[in-house]
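Student: Have a look at this one.
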Amino acid sequence: MEEIPQMTGGGRRVREFLLENGLLYGAGLAVLVCLKIHFSRAGADDLQWMLLPLARLVQWTTGIPFERELHGGFISLSRGIVIAPSCSGVNFLILTFAVLFFSFVHRIGPLRSKALWLLLSGVFAFCLTLAVNTLRIACSVSLFEWDIYGDVVTPGRVHRLAGTVLYLAALLAAFRAARRLVRPPLFPGWKDSGRDASGKAPAGVLSPVLWYLGVTVGIPLLGLSGAGRAEGLGEHAATVAAVCAAVLLPALFRRGVPAGGRGGKEFMTSGPGGDSIRPDTGGGSPFPP
């Protein structure tokens, strides 16, 4: 009888990984697809679950009164401001949920803890989207009144830059907060990848930045989103890329700073067996786990 070949170590690990996380990955993907389909077909009346609390928060923070406009969102007649479906922030909600859930679910222990993280990722993404979008609209109202505009510095470009900075900063903060939350005692069975402690990647920066670039630039450029046909996509992509680079480069520079300090030589001594030992600088890793 022909002997059945044994599964290799790598194949076994993949199979175990899929058995442990496949169900939750599928559930998370289903949430993303449903949200995206809903947003692509929804009008202002269908997005009241996001537009109504957003309008109330903007009104509370700025003091500008908003009234509901039938089939059109919320409008401030005194200031000429409209909170329309495009301002709802659902795309940022989808992105935030994806970053929070898929970045950590495979490192959480039991199935019930993974299911809890699915729920919490949705709640956190919703609350963060409301908070950041409120701040973005309030800043846009203030920036529009500045006397800085001309042929190069236009309201549209300032609006785009401010939104990109706020969204990316919020995503980075949410990622770092989540990385601390999903550990014991709230989430037992945490599996550390080891990268945070080793410093091989700028922990807390690289993953959310790549997510942001992929969703806001990569997908439209591939034509997988309606935004891919919009005018000004090149300028949008350049703005997002510049902001992401401004975040990544300092993190990568910190990663490459020698232990002896900026511009100094790294002092190393020889330990038992000839191993190189770096002296303790007292500051620890610049990227805490």
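Residue numbering for the sequence shown follows the numbering used here, starting at 90 and increasing by one per position.
Positions of the beta carbon are idealized from the N, C-alpha and C atoms, including for glycine.
For clarity, every value in this text was computed on a predicted model and none was experimentally measured.
(1) Going by other Cβ atoms of all chains shown within 10 Å of its Cβ, with 16 needed for buried, is residue 321 buried or exposed?
(2) For the candidate residues 160, 249, 265, 259, whose alpha-carbon lies nearest to that of residue 324?
(3) Give me the Cα-Cα distance between residue 263 and residue 189, rounded to the nearest whole angstrom.
(4) Using only CA atoms, which one of 221, 202, 259, 293 lies nearest to residue 144?
(5) Kindly identify the DSSP beta-bridge partner or partners of residue 171.
(6) Give a yes or no on whether the C-beta atoms belonging to residue 223 and residue 182 are separated by under 8 Å.
(7) Can you check whether the CB of residue 326 is closer than 8 Å to the CB of residue 311?
(8) Hey, residue 213 and residue 179: beta-carbon distance below 8 Å or not?
(9) How would you label residue 297, buried or exposed, when you count the other beta carbons within 10 angstroms and need 16 or more for buried?
(10) With distance defined between alpha-carbon atoms, name the residue in 231, 261, 130 nearest to residue 301.
(11) How about residue 271 and residue 206: are their beta carbons less than 8 Å apart?
(12) Starting from residue 225 and walking both ways along the alpha helix (DSSP H), at which residues does that stretch end?
(13) Would you mind stating whether residue 232 and residue 251 have Cβ atoms separated by less than 8 Å?
(14) Considering only their Cβ atoms, is the gap separating residue 330 from residue 294 smaller than 8 Å?
(15) Assuming contact is defined by CB atoms lying nearer than 8 Å, are residue 247 and residue 170 in contact in what I supplied?
(16) Would you please state the rounded distance, in angstroms, between the beta carbons of residue 192 and residue 276? I believe it to be under 8 Å.
(17) Going along the chain, which residues of its own chain have a beta-carbon closer than 7 Å to the beta-carbon of residue 151, five neighbours each way excluded?
(18) Per DSSP, what kind of secondary structure is residue 272 in: helix, strand or coil?
(19) Quick one, which of 177, 196, 234, 107 has its alpha-carbon nearest residue 279's?
(20) Just to confirm the assignment, what range does the alpha helix (DSSP H) spanning residue 145 have?
(21) What are the boundary residues of the alpha helix (DSSP H) that includes residue 296?
Tutor: Put simply:
(1) Here residue 321 refers to the residue found at position 232 when the sequence shown is read from its first residue. So residue 321 counts as exposed.
(2) Looking up residue 324 in the sequence shown gives position 235. The residue with the shortest Cα to Cα distance from residue 324 is 249.
(3) Indexing the sequence shown from 1 puts residue 263 at position 174. Indexing the sequence shown from 1 puts residue 189 at position 100. Spanning the two alpha carbons is a distance of roughly 8 Å.
(4) Here residue 144 refers to the residue found at position 55 when the sequence shown is read from its first residue. The residue with the shortest Cα to Cα distance from residue 144 is 221.
(5) Taking the sequence shown and counting its residues from 1, the one referred to as residue 171 is at position 82. Paired residues: 164.
(6) The residue labelled residue 223 in the question sits at position 134 within the sequence shown. The residue labelled residue 182 in the question sits at position 93 within the sequence shown. For residue 223 and residue 182, no; Cβs fall outside 8 Å.
(7) Position 222 of the sequence shown holds residue 311. Position 237 of the sequence shown holds residue 326. Taking 8 Å as the Cβ cut-off, residue 311 and residue 326 do not qualify as a contacting pair.
(8) As a working mapping, residue 213 is identified with position 124 in the sequence shown. As a working mapping, residue 179 is identified with position 90 in the sequence shown. No, Cβ-Cβ distance for residue 213 and residue 179 is not below 8 Å.
(9) Indexing the sequence shown from 1 puts residue 297 at position 208. When all chains shown are included, residue 297 counts as buried.
(10) One-based indexing of the sequence shown puts residue 301 at position 212. Measuring from the Cα of residue 301, the nearest candidate turns out to be 261.
(11) Within the sequence shown, residue 271 is the residue found at index 182, counting from 1. Within the sequence shown, residue 206 is the residue found at index 117, counting from 1. A contact, by the Cβ cut-off of 8 Å.
(12) In the sequence shown, residue 225 corresponds to position 136, counting from 1. It spans 200-233 - the alpha helix (DSSP H) in which residue 225 sits, taken as one unbroken run.
(13) On the sequence shown, residue 232 is found 143 positions in, with the first residue counted as 1. On the sequence shown, residue 251 is found 162 positions in, with the first residue counted as 1. In contact: residue 232 and residue 251 (Cβ atoms closer than 8 Å).
(14) Counting from 1 along the sequence shown, the entry for residue 294 is found at position 205. Counting from 1 along the sequence shown, the entry for residue 330 is found at position 241. Contact: no.
(15) Indexing the sequence shown from 1 puts residue 247 at position 158. Indexing the sequence shown from 1 puts residue 170 at position 81. For residue 247 and residue 170, no; Cβs fall outside 8 Å.
(16) The sequence position of residue 192 within the sequence shown is 103, counting from 1. The sequence position of residue 276 within the sequence shown is 187, counting from 1. At roughly 13 Å, the Cβ-Cβ gap does not stay under 8 Å, so residue 192 and residue 276 are not in contact.
(17) Position 62 of the sequence shown, counted from the start, is the residue given in the question as residue 151. 227, 230.
(18) For the purposes of this step, residue 272 is taken as the residue at position 183 of the sequence shown. Coil.
(19) Taking the sequence shown and counting its residues from 1, one reaches residue 279 at position 190. Of 177, 196, 234, 107, the residue nearest in Cα terms is 196.
(20) Counting from 1 along the sequence shown, the entry for residue 145 is found at position 56. It spans 137-151 - the alpha helix (DSSP H) in which residue 145 sits, taken as one unbroken run.
(21) In the sequence shown, counting from the first residue as 1, residue 296 sits at position 207. Here the alpha helix (DSSP H) through residue 296 covers 295-302.
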